[in-house]
C-alpha cells in the first residue's frame, strides 16, 4: 500500500481566460471520484491518494489525460510517494501519529 | 501571499528505532505552532503553509533546524510553492474552488 | 513523449551503515541501464528519464522494487513530469533552449 | 552546505505566445549567473544549486521575482533540498558516488 500526493496542472499557453487552474483540477478529480479502488482526499496543494501503487499509477495516467482532454497541450505533474512494506498505514494515520507526538 | 506545501524528513542513517518519521515531523510542527505569522494545516504528505513568502522561507529554515536538533544528520525537504500576485487566496479557497467546479 | 525527473530513496530505519543513499540509487539505476525504451541521464538530485509516459511509469515501478530488494522497507519517491502533446522535445533541447535565451 | 534542485515556472494565463517556458527560466538563470556565492548547474527539469542554504533561499527568492518581472502573475516553484551536516558534498560527488557503485 502506498500514499501518494499528486498535483497535475496545465503549463503556460493553455486556452484559458485567466490564471485559475481549478477547472482542470476538477476534471482530474472527476476521474478519481468515478472509481473505488483508490481512496482520495483533496488538499490545498495536492490530492492525496491511498491504495495499491499500480492502481494509483494507472489512475494518475487517466487524471492526466483528463487535463489534456480539457484543453491543455502541456501538463506538469508532481508526485510524492510514500511506499512502505512493513505495515499498512492509512492517510489519516499519518496525520494522527504526528498529532499524538505533539500532545 | 503564497501557499506552500512542505515535507521535511531525515534521510537514512538517523539514530532511529524504526521507519517512523512522525517524531521528526512533530518537532518541525512545534516550530510552526509557536508562531503566528504563517497559517498552517497538517496534511498526510505535506504541511501546508500560507502567508508572506519571506516569512514562510524563514519558518521552513527553523523547521529544518528542529529536525537536525532532534538527531538527524541529513535532512531531505520537498517544497511546492504557489505564489500569485493577482489576488489573495487562502488555502481553503483552493479546495473550495475545485469543489464548486465539481458540483 | 514525456520528460520525467525521478528521485527514489529509502526512508529512515534502513539496515544501513551511514547516511549514504548512493548504494540504493545505483540499484535503481541498474534497472534503467538494463533497458532501451527509456532514455536517461543521471543528475545530482534526480535521474532524468525521457520516453513514452506509460513505459516511464512501468520503469519507475521496477526502479522502486529494486530499492526494496536492496533492503529498504520504506521508500520515498519524488517525480516531476513534463508531458507535452504539441511536439517532441528531447531532454537536451530543454537545456539548449534556455541557454539560447541567455546568449 | 546544501544541494537544492529548483524549478520555477509561470502558471497558466501568462501573456505568452505558446507553451514555452524557456524565456522565463532564462530570466531566473540570469539572476543565478550574476552572483558567485551559490554554484549552479542547469539540468533538463531543474536547476541544481549548491552552497549555504540561507544564501540559496535568498537566491531562489530573487529568481522567483525575476519570473514575475518577466510578466508572470502567478508562479509555481518546486524545490528538493538535500541538507547534510556530516560532511561537505559537491553536486558532482553525488553523481560520481552513484557511478562508482555501478562499475
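Chains as they are written, first to last, in the working numbering: chain A, 114 to 216; chain B, 114 to 216; chain C, 114 to 216; chain D, 114 to 216.
Heads up, the beta-carbon is just placed ideally off N, CA and C, and yes, glycines get one too.
Everything numeric in this text was worked out from a predicted model, so none of it was measured.
Using a C-beta to C-beta distance shorter than 7 Å, which residues of chain B count as neighbours of residue 193(D)? 191
Residue 173(D) at chain E interface by Cβ criterion, 8 Å: No chain E appears in this structure, whose protein chains are A, B, C and D.
For the stretch 197-206 of chain A and the stretch 171-186 of chain A, state whether three or more C-beta atom pairs, one from each stretch, are separated by less than 8 Å. no
What are the start and end residues of each continuous beta strand (DSSP E) run of 3 or more residues lying completely inside the stretch 144-168 of chain A, in chain order? 152-155, 160-164
Closest residue to residue 117(C) among 170(A), 211(A), 190(A) (Cα-Cα distance): 190(A)
Proximal residues to residue 196(D) (C-beta, below 7 Å), its chain only, five neighbours per side dropped: 115, 166
With the cut-off set at 8 Å, would you say residue 159(B) and residue 120(B) are in Cβ contact? yes
Using CA atoms only, rank isn't needed, just tell me which of 124(A), 123(A), 122(A), 136(A) is closest to residue 216(B). 136(A)
Taking the beta strand (DSSP E) that residue 202(B) belongs to, which residues open and close that run? First-last for residue 202(B): undefined, no H or E at that position.
If we ignore side chains and look at the alpha-carbon of each, how far apart do residue 211(D) and residue 213(B) end up? 47 Å
If distances are taken between C-alpha atoms only, which option among 193(A), 164(A), 180(A), 142(A) comes closest to residue 151(A)? 164(A)
Note down, in chain order, each residue of its chain lying with its Cβ closer than 6 Å to the Cβ of residue 141(A), except the 5 sequence neighbours on either side. 121, 176, 179, 180
Using Cβ-Cβ distances below 8 Å, what residues of the stretch 146-175 of chain A are close to chain D? none
Taking only beta-carbon atoms, is residue 177(B) less than 8 Å away from chain A? no
Under 8 Å, Cβ to Cβ, is there at least one residue of chain C near residue 188(A)? yes
Cβ of residue 114(B) less than 8 Å from any chain A Cβ? no
Leaving out five residues before and five after residue 144(D) in sequence, what residues of the same chain have Cβ atoms less than 6 Å from its Cβ? 175, 176, 179
Measure the Cβ-Cβ separation of residue 199(D) and residue 186(B) and say whether it is below 8 Å. yes
Give me the chain B residues within the contact set of residue 211(A), using Cβ-Cβ distance strictly less than 7 Å, ordered along the chain. 135, 138, 139, 142, 155
For residue 119(C), the residue or residues it bridges with in DSSP: 160(C), 192(C)
What is the C-beta distance between residue 182(C) and residue 156(D), in whole angstroms, given that I count them as a contact (C-beta under 8 Å)? Actually they do not touch by this definition, with Cβ atoms about 28 Å apart.
Of the residues 139(C), 147(C), 123(C), 161(C), the one placed nearest residue 194(C), counting alpha carbons only: 161(C)
Quick one: is residue 201(B) buried, meaning 16 or more other Cβ sit within 10 Å of its Cβ, or exposed? exposed
Assigned exposure category for residue 139(D) - 16 Cβ within 10 Å defines buried: buried
Check whether the Cβ of residue 196(C) lies closer than 8 Å to any Cβ atom in chain A. yes
Of the residues 123(C), 184(C), 149(C), the one placed nearest residue 168(C), counting alpha carbons only: 149(C)
Please list, in chain order, the chain B residues whose beta carbon lies closer than 9 Å to that of residue 208(A). 155, 156, 157
Taking the straight line between their C-alpha atoms, what separation do you get for residue 192(C) and residue 154(B)? 23 Å
Please work out which residues of its chain come closer than 7 Å, Cβ to Cβ, to residue 124(B), disregarding the five sequence neighbours upstream and downstream, and give them in chain order. 187, 188, 189
Can you list the residues of chain B that residue 118(A) reaches, using a CB-CB cut of under 7 Å? 158, 159
Beta carbon proximity, residue 182(D) to chain B, threshold 8 Å: no
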